[in-house]
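K.L.:
Just so we're aligned: 4 in the UniProt record's numbering is position 4 of the sequence shown, and the numbers increase by one with no gaps anywhere.
Pasting in a structure now, in structure tokens, and then I'll have a few things to ask.
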Amino acid sequence: MAKSAPAEQKKSKKKRPQRKAKGALSAIGALLLASAILRVGIGAGEAFAREGGEDVHEEPVKKMADTYTPAPATPTTIPDEEIMPLLKAMNEREARIAKREENVAVRMKALAAAEQEIDRKLAALEDAEERLRATMSLAQTAAEDDITRLTSVYANMKPKQAAALFEEMDPEFSAGFLARMKPDVAAAIMAGLSPNAAYTISVVLAGRNARVPKE
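Here it is, written out as structure tokens:
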């Protein structure tokens, strides 16, 4: 029995430090919990305070925005003494341009009329030239026919009678008719001419032959 008492005292001494450690941990946990509760309470109070302050500040701003009316914009005006000279200059310029356009239109109209008149006159001139060519061709043909007929008449006359006519005729005409006749008929008529007339006609005939182009 004496041995068991000291053993129990040793066991009780070992258990006491564990109980003290558990008590200290519990106290520390309680302090931490209280600190957390205080922090949460303080944070919530600040949040409510901020929300209340925002409402307090927002209401006056909103009222000012509702009651604010912008001032009417004043239009920018230019004095009449500055506008009138500009308007006058623009009107004068437009009047000058309109006058020039009118003059150009009149000139273009006159030019078109002149071109039409020129075309008409050119057409009339071409028509007249065509008619003149036809008339000259007819005249030349008629003259050629007349000369051919006269030459035939003189050639069929008696040489003495034809010579008497050629004696009184201009040497140019006489030479022209004799040049168209057959050589023997022309020689017979030349034989009936006076020496002076025959010489003159011979000179004319020789000159015509000399003027004929040679190849």
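All C-beta atoms in this analysis are idealised placements derived from N, C-alpha and C, irrespective of residue type, glycine included.
Is DSSP giving LYS14 helix, strand or coil here?
P.N.:
With a pLDDT of only 47 at LYS14, under the threshold of 50, the placement of this residue in the model should not be trusted; the figure read from the coordinates follows. Correct three-state label for LYS14: helix.
K.L.:
For GLY176, does the three-state DSSP call read helix, strand or coil?
P.N.:
It is helical.
K.L.:
Pop quiz: TYR154 and PHE177 are said to be a contact at Cβ under 8 Å. What is the actual Cβ separation, rounded to whole angstroms?
P.N.:
Right, the Cβ-Cβ distance comes to about 6 Å (below 8 Å), so this counts as a contact.
K.L.:
Pull up the distance between the alpha-carbon of VAL204 and that of GLU130, whole angstroms please.
P.N.:
Rounded to the nearest angstrom, the two C-alpha atoms are 35 Å apart.
K.L.:
Across the stretch 189 to 196 and the stretch 162 to 170, are there enough close Cβ pairs to call them in contact, namely three or more that are closer than 8 Å?
P.N.:
Touching, yes.
K.L.:
Is the CB-CB distance between PRO159 and ALA186 below 7 Å?
P.N.:
Result no, Cβ atoms of PRO159 and ALA186 do not sit closer than 7 Å.
K.L.:
In whole angstroms, what is the alpha-carbon distance linking ALA142 and ALA134?
P.N.:
For ALA142 and ALA134, the distance between alpha carbons rounds to 12 Å.
K.L.:
Using the three-state DSSP reduction, which class does GLY192 fall into: helix, strand or coil?
P.N.:
Coil, per DSSP.
K.L.:
Using the Cα positions of ALA110 and GLN116, report the straight-line distance between them to the nearest angstrom.
P.N.:
Near 10 Å, if we compare the C-alpha coordinates of GLN116 and ALA110.
K.L.:
Here's the rule: buried if 16 or more other CB atoms are within 10 angstroms of the residue's CB, otherwise exposed. What is ASP55?
P.N.:
Any reading at ASP55 is ruled out, since the residue's pLDDT is 47, under 50, leaving its predicted position unreliable.
K.L.:
Per DSSP, what kind of secondary structure is THR151 in: helix, strand or coil?
P.N.:
Three-state result, THR151: helix.
K.L.:
Short check: CB of ARG180 to CB of THR200, under 7 Å?
P.N.:
Not in contact: ARG180 and THR200 (Cβ atoms no closer than 7 Å).
K.L.:
How would you label ALA95, buried or exposed, when you count the other beta carbons within 10 angstroms and need 16 or more for buried?
P.N.:
Exposed: under 16 other Cβ atoms inside 10 Å.
K.L.:
Looking at the ligand MG, does it come within less than 6 Å of MET157, judged from the CB to the closest heavy atom?
P.N.:
As far as ligands go, the structure on display features none, and thus does not contain the ligand MG.
K.L.:
Which class does ASP184 belong to by DSSP, given the choice of helix, strand or coil?
P.N.:
Here ASP184 sits in helix by DSSP.
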